[in-house]
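Chemist: Respectively, the protein sequence lines represent chains G and C. Here the numbering used here is used: the first residue of the first sequence is 528, the next is one more, and so on. Here the numbering used here is used: the first residue of the second sequence is 14, the next is one more, and so on. For glycine and all other residues, C-beta sits at the position ideal for the given N, C-alpha and C.
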Amino acid sequence: MGFEKFGAVSFTTETKTADFVTYLEKGQVVASRCKKCGRTYFPPRADCADDFSSEMEWQPVQGKGKLMTYTIVSYGPSGFENDTPYILALAEFPPGVRVFGRLDKGIPPEEIKVGMEVVVTPVTLAEGKLSYQFNKA
Amino acid sequence: MEKSVAIVGAGQTVFSRGCGQSVRELCFEAFREAMDGLNLKTEDIEASVICSAPEYDKQRSPAGVIAEYLNLVPKPTFYVETICSSSSTGLRVGYALIKSGLHSVVAVVGFQKMSEISSREAAERMGRGGDIMWESPFGVTMPAGYAMYARAHMAAYGTKPEQLARIRVKNSSYGALNARATFRKALTEEDVMKSAAVTLPLKTYDCCANADGASCIILASKEEAARIAKVPIWVLGLGAATDSTTLSNKKLYTGLSCAREAARQAYEMAGVGPEDIDVAEVHDCFTIAEMMAYEDLGFARSGEGSRLIDEKQTYIGGKIPVNIDGGLLSKGHPIGATGGSQLRTIVKQLRGQGETGQVEGAKIGLVHNIGGVGIYGNVTILGR
Numbered sequence: 528m529g530f531e532k533f534g535a536v537s538f539t540t541e542t543k544t545a546d547f548v549t550y551l552e553k554g555q556v557v558a559s560r561c562k563k564c565g566r567t568y569f570p571p572r573a574d575c576a577d578d579f580s581s582e583m584e585w586q587p588v589q590g591k592g593k594l595m596t597y598t599i600v601s602y603g604p605s606g607f608e609n610d611t612p613y614i615l616a617l618a619e620f621p622p623g624v625r626v627f628g629r630l631d632k633g634i635p636p637e638e639i640k641v642g643m644e645v646v647v648t649p650v651t652l653a654e655g656k657l658s659y660q661f662n663k664a
Numbered sequence: 014m015e016k017s018v019a020i021v022g023a024g025q026t027v028f029s030r031g032c033g034q035s036v037r038e039l040c041f042e043a044f045r046e047a048m049d050g051l052n053l054k055t056e057d058i059e060a061s062v063i064c065s066a067p068e069y070d071k072q073r074s075p076a077g078v079i080a081e082y083l084n085l086v087p088k089p090t091f092y093v094e095t096i097c098s099s100s101s102t103g104l105r106v107g108y109a110l111i112k113s114g115l116h117s118v119v120a121v122v123g124f125q126k127m128s129e130i131s132s133r134e135a136a137e138r139m140g141r142g143g144d145i146m147w148e149s150p151f152g153v154t155m156p157a158g159y160a161m162y163a164r165a166h167m168a169a170y171g172t173k174p175e176q177l178a179r180i181r182v183k184n185s186s187y188g189a190l191n192a193r194a195t196f197r198k199a200l201t202e203e204d205v206m207k208s209a210a211v212t213l214p215l216k217t218y219d220c221c222a223n224a225d226g227a228s229c230i231i232l233a234s235k236e237e238a239a240r241i242a243k244v245p246i247w248v249l250g251l252g253a254a255t256d257s258t259t260l261s262n263k264k265l266y267t268g269l270s271c272a273r274e275a276a277r278q279a280y281e282m283a284g285v286g287p288e289d290i291d292v293a294e295v296h297d298c299f300t301i302a303e304m305m306a307y308e309d310l311g312f313a314r315s316g317e318g319s320r321l322i323d324e325k326q327t328y329i330g331g332k333i334p335v336n337i338d339g340g341l342l343s344k345g346h347p348i349g350a351t352g353g354s355q356l357r358t359i360v361k362q363l364r365g366q367g368e369t370g371q372v373e374g375a376k377i378g379l380v381h382n383i384g385g386v387g388i389y390g391n392v393t394i395l396g397r
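What follows is the structure in structure tokens.
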């Protein structure tokens, strides 16, 4: 339980990675890292398929990331009808952690450029739900 | 070049919205066309593979009712799914059933009746197309996924929205001639450029439309093929590969890595290269998807797909005619039926029976069929 608090629309309640939400509450976006082989995962995983280990630790996604690509969505699926337009984006953070999420709506479209620097920050949505977004660095 | 499994029959319905037919009736119509003119009785079909994307189906386990309606019982039937490439996966399964010696004649039936669900239900399903744990909570859609590829392609290579529009212009010019296409209006570059934003940089006319329809491919072993059909079309090469569903784990954003790997396998198996392909059907669910297919299939180098369309090299008479039946952009995209429809178009071309134009003397054709936002890549090479 607990993971249903992640995002405006959620389809998952139980997962061994539910602590991701606890970290959002504490103001951090985290990736998971395999203690055995050191591989970092985003989206976070509870299990490392490289060496069949479930010994994972949380690792903050921090520093300046680079915007890899984005789209401005005008037609959203159920639950997002009143949210459009919104911006979906991919950004890469050191040391090569790729994160999918929303880009701050407040950035004028002409200022958005592939390659621009961003930071990732937790955000609180309606009804106490939690998420994260990319802001201009 | 191995000739051990052939397509002996290929059929499809009209692709449309509001077809006035049930799923089983659509499948029957495609099956009837596939069987037309063959020296083959229904009871000699030893197995059937039924293909669709289950999220659009009302019927649980559709294989049984379809096999019953087509008179294919008591022979084995079962269901396969890779979303938009389900019937190419069906072809691969059928090929394996024959090549293994388990069966000698197999029917592959693909269908989708997307109008069975309401637009509200469709919007709900649209939101579950990506990774439901880590992407759906942000409001991701399939068009948004492809739009992110389009933006990355533009940033890396300077590809222009006008160049994507030219792909729609080409496909709509052939779609206007296709009596089985949902969208039959020839569009201008201006029409496409002025269409409403869906998920920028993709606009309405950069996107294909939902449709209802069915397709059917009949496969036979080498021993049976010559007896059943006058002109068997051989499956020379098969390729299939999978990339991550989550966008953050994709290997590439300027092309589909699953398509590149599937193409590599198919070319290797067929012993041919991109330069040997006379005509191709590629998965143009969005204009950017066709642009990337030019590059992923080796028709153009990475970043040079736009030149291919600028120079009209993918029209009939060009270097490599692509989607000369109008593509998904014109025909519409009844998910589970699409791969079978693409295969049918190439079979027609290789038999010299092109319906929307003929590539003269076409001997080798290719089908590129993708499931999801670059998740399942399928490439099939056919020859006379």
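Look at the Cβ atom of Lys632(G), then the Cβ atom of Gly534(G), and state whether they are nearer than 9 angstroms.
Modeler: no
Chemist: Could you pull out every unbroken beta strand (DSSP E) segment of at least 3 residues lying fully inside the segment 237-319 of chain C, listed in chain order?
Modeler: 246-255 and 292-294
Chemist: Just how far apart, CA to CA, sit Glu317(C) and Glu308(C)?
Modeler: 7 angstroms
Chemist: For the segment 52-78 of chain C, list the beta strand (DSSP E) runs that are entirely contained and at least 3 residues long, ordered along the chain.
Modeler: 60-64
Chemist: Measure the CB-CB distance between Thr212(C) and Pro287(C) and report whether it falls below 9 angstroms.
Modeler: no
Chemist: According to DSSP, is Pro622(G) part of a helix, a strand, or is it coil?
Modeler: coil
Chemist: Can you give me, in chain order, the residues of the segment 145-177 of chain C that have a beta carbon less than 7 angstroms from any beta carbon in chain G?
Modeler: From the segment 145-177 of chain C, only Ile145, Met146, Trp147, Glu148, Ser149, Pro150, Phe151, Gly152, Val153, Thr154, Ala157, Ala160, Met161, Arg164, Ala165 and Ala168 have a Cβ closer than 7 angstroms to chain G.
Chemist: Count the other CB atoms within 10 Å of the CB of Pro334(C); is the residue buried (16 or more) or exposed (fewer)?
Modeler: buried
Chemist: For a cutoff of 9 angstroms on Cβ pairs, would you count Met305(C) as touching chain G?
Modeler: no
Chemist: For a cutoff of 9 angstroms on Cβ pairs, would you count Glu68(C) as touching chain G?
Modeler: no
Chemist: Compare the C-alpha of Phe569(G) against each of Met282(C), Tyr92(C), Ser234(C) and Met146(C) and name the closest.
Modeler: Met146(C)
Chemist: DSSP on Cys40(C), reduced to helix/strand/coil?
Modeler: helix
Chemist: Helix, strand or coil for Val153(C)? Go by DSSP, reduced to three states.
Modeler: coil
Chemist: Using beta-carbon positions only, say whether Lys344(C) and Asn223(C) come within less than 9 angstroms of one another.
Modeler: no
Chemist: Does Pro587(G) have its Cβ less than 9 angstroms from a Cβ in chain A?
Modeler: Considering every chain present, this structure includes no chain A. Its protein chains are G and C.
Chemist: Please state whether DSSP places Gln125(C) in a helix, a strand or coil.
Modeler: Assignment of Gln125(C) by DSSP, reduced to helix, strand and coil, places it in the strand class.
Chemist: Count the CB pairs spanning the segment 390-397 of chain C and the segment 270-288 of chain C that are closer than 8 angstroms, and state whether there are at least three.
Modeler: yes
Chemist: Comparing the C-beta of Ser559(G) with each C-beta of chain C, is any distance below 9 angstroms?
Modeler: no
Chemist: Flag Ser261(C) as yes if its beta-carbon sits less than 9 angstroms from any beta-carbon of chain G, otherwise no.
Modeler: yes
Chemist: List, in chain order, every chain G residue whose beta-carbon is nearer than 8 angstroms to that of Tyr266(C).
Modeler: Met595, Thr596 and Leu617
Chemist: Does DSSP classify Asp323(C) as helix, strand or coil?
Modeler: Helix, per DSSP.
Chemist: Taking a cut of 8 angstroms between CB atoms, which residues from the segment 282-307 of chain C lie near chain G?
Modeler: For the segment 282-307 of chain C, there are no residues whose beta carbon sits under 8 angstroms from a beta carbon of chain G.
Chemist: With a threshold of 7 angstroms on Cβ separation, who are the neighbours of Cys220(C) within its own chain once the five nearest residues in sequence on each side are excluded?
Modeler: Pro156, Val211 and Phe299
Chemist: What does DSSP give as the partner residues of Ala568(G) in its beta bridges?
Modeler: Checking the sequence shown, residue 568(G) turns out to be Tyr, not Ala. The partner list for Tyr568(G) (beta bridge, DSSP) reads Ser559(G).
Chemist: What's the call for Ser185(C), buried or exposed, on a 16-neighbour Cβ count within 10 Å?
Modeler: buried
Chemist: When the Cα atoms are used, what is the spatial distance from Lys562(G) to Gly352(C)?
Modeler: 44 angstroms
Chemist: Run the CB neighbour count on Arg320(C), radius 10 Å, all protein chains shown included, and call it buried at 16 or more, exposed below.
Modeler: Of the residues assessed, Arg320(C) falls on the exposed side of the cut-off, its CB having fewer than 16 other CB atoms within 10 angstroms.
Chemist: Could you give the C-beta distance for Tyr162(C) and Ile301(C), rounded to a whole number, given that I count them as a contact under 8 angstroms?
Modeler: 6 angstroms
Chemist: Take Gly250(C) and list the residues in its own chain whose beta-carbon comes closer than 6 angstroms to its own, dropping the five residues that flank it on each side.
Modeler: Ala279, Met282, Ala283 and Ile394
Chemist: What residue range is occupied by the uninterrupted beta strand (DSSP E) comprising Ala210(C)?
Modeler: Ala210 to Leu213
Chemist: By the three-class DSSP mapping on this structure, what secondary structure does Lys361(C) have?
Modeler: helix
Chemist: Nearest by alpha-carbon distance to Phe44(C): which of Glu94(C), Leu232(C) and Ala254(C) is it?
Modeler: Taking only the C-alpha atoms, the option nearest Phe44(C) is Leu232(C).
Chemist: Could you compute how far the alpha carbon of Val122(C) sits from the alpha carbon of Pro635(G)?
Modeler: If you take the alpha carbons of Val122(C) and Pro635(G), they lie about 48 angstroms apart.
Chemist: Closer than 6 angstroms by C-beta to Thr544(G): which residues in its own chain qualify, once you throw out the five before and the five after it? Chain order, please.
Modeler: Pro571 and Ala573
Chemist: Using the DSSP secondary-structure output, state which residues sit across from Gln586(G) in a beta bridge.
Modeler: Ala558(G)
Chemist: Evaluate Gly565(G) with the Cβ neighbour count: other Cβ atoms within 10 Å of its Cβ, from every protein chain shown; 16 or more gives buried, anything less gives exposed.
Modeler: exposed
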